[in-house]
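*Asks:* Sending over a structure as structure tokens; questions will come in a sec.
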Amino acid sequence: MKNQTAITTFILLGLTDDVQLQILLFVFLFLSYTLSLSGNLTIITLTLIDSHLKTPMYLFLQNFSFLEISFTTACVPRFLYSISSGDKSITYDACASQLLFTDLFAVAEFFLLATMSYDRYVAICKPLHYMTITNSRICKNVILFCWVAALIIILPPISWGLGLEFCDSNIIDHFCCDASPILKISCSDTWLIEQMVIVCAVLTFIITLMCVVLSYIYIIKTVLRILFPLHLHLCQQVKQAFNDSI
Numbered sequence: 001m002k003n004q005t006a007i008t009t010f011i012l013l014g015l016t017d018d019v020q021l022q023i024l025l026f027v028f029l030f031l032s033y034t035l036s037l038s039g040n041l042t043i044i045t046l047t048l049i050d051s052h053l054k055t056p057m058y059l060f061l062q063n064f065s066f067l068e069i070s071f072t073t074a075c076v077p078r079f080l081y082s083i084s085s086g087d088k089s090i091t092y093d094a095c096a097s098q099l100l101f102t103d104l105f106a107v108a109e110f111f112l113l114a115t116m117s118y119d120r121y122v123a124i125c126k127p128l129h130y131m132t133i134t135n136s137r138i139c140k141n142v143i144l145f146c147w148v149a150a151l152i153i154i155l156p157p158i159s160w161g162l163g164l165e166f167c168d169s170n171i172i173d174h175f176c177c178d179a180s181p182i183l184k185i186s187c188s189d190t191w192l193i194e195q196m197v198i199v200c201a202v203l204t205f206i207i208t209l210m211c212v213v214l215s216y217i218y219i220i221k222t223v224l225r226i227l228f229p230l231h232l233h234l235c236q237q238v239k240q241a242f243n244d245s246i
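This is the structure in structure tokens:
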């Protein structure tokens, strides 16, 4: 039997050991993170202070910007620190926290994107009922549902993963704590948790993708239904003008 010891620290290998590539990567990630942070903070600030931006669409956009900030902050600063300092170690608790928050924010983003697509469907296809269907109270409840649904989806595999044992290695072949590389170095039986991760990911992707696709199909149909008569009317006017000129 293998000698099982309690792992308290992991080593993140990162993306490359080439110093020049690391410098380029650091500059690119730092600029991208700064622009993303400043842009999303600007959106949040404007939607909070401008009374004209209190509609459901901007409420969803405000929360999406918050999720973007949270998701990137959960993994990018730690990676930038690792590149600049050369310290690739991360504690077990920090790794578990990073995995929990990145998955939570990512799944919540998927559900929020689906909700935003439905909001656009109602605004375009049912404009007279828009304020009734998507009032402020309903929007806040839907946003809360996105967070709760994301938490319910990720909690089973995350809680199960906390019981994993690590025997031979604590080296994670990744730049952040992710499920796949962590499962690879575990000496526990990971079949069940792997299936749980796959099922949760597939269900999340399929449900949200279907919502987005169906919403935009109905939006396109509605727009074409509006534009097609206008196109026929314009053609008739051009034809009539041409006949009159002759």
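Residue numbers (the UniProt record's numbering): 1 to 246.
Ideal placement from N, C-alpha and C gives every residue a C-beta, glycine not left out.
(1) How far does the beta strand (DSSP E) with S89 in it reach, from first residue to last?
(2) Using 8 Å as the threshold, is the C-beta distance between D178 and L99 below it?
(3) R120 and I226: beta carbons closer than 8 Å?
(4) Within a Cβ cutoff of 6 Å, which residues of the same chain sit near F10, ignoring the five residues on either side of it in sequence?
(5) Decide yes or no for the touch test of the region 126-136 against the region 41-49: beta carbon pairs closer than 8 Å, at least 3 of them.
(6) Quick check on L12: does DSSP put it in helix, strand or coil?
(7) By how many angstroms is the C-alpha of Q62 removed from the C-alpha of Y130?
(8) With DSSP collapsed to three states, give me the class of I143.
(9) Return the chain-ordered list of same chain residues with a C-beta closer than 7 Å to the C-beta of T134, the five sequence neighbours on each side being excluded.
(10) Just curious, the alpha helix (DSSP H) that F28 is in, first and last residue?
(11) Could you tell me the distance, in whole angstroms, from the CA atom of K88 to the CA atom of G14?
(12) Quick one: complete alpha helix (DSSP H) runs, 4+ long, within the region 148-189?
(13) Compute the Euclidean distance between the alpha carbons of S180 and T132, then round it to the nearest angstrom.
(14) Using the Cβ count rule (16 or more neighbours within 10 Å means buried), how would you classify P157?
(15) Apply the 10 Å Cβ neighbour rule to C200 and answer buried if 16 or more other Cβ atoms are within range, or exposed otherwise.
(16) What residue range is occupied by the uninterrupted alpha helix (DSSP H) comprising L80?
(17) What three-state label does DSSP hand K126 in the structure shown?
(18) So, helix, strand or coil for I7, using DSSP?
*Replies:* Short version:
(1) S89 to T91
(2) yes
(3) no
(4) I90, C95, N170 and I172
(5) no
(6) strand
(7) 19 Å
(8) helix
(9) P56, D119 and V122
(10) V19 to I49
(11) 8 Å
(12) 179-185
(13) 44 Å
(14) buried
(15) buried
(16) P56 to S85
(17) coil
(18) coil
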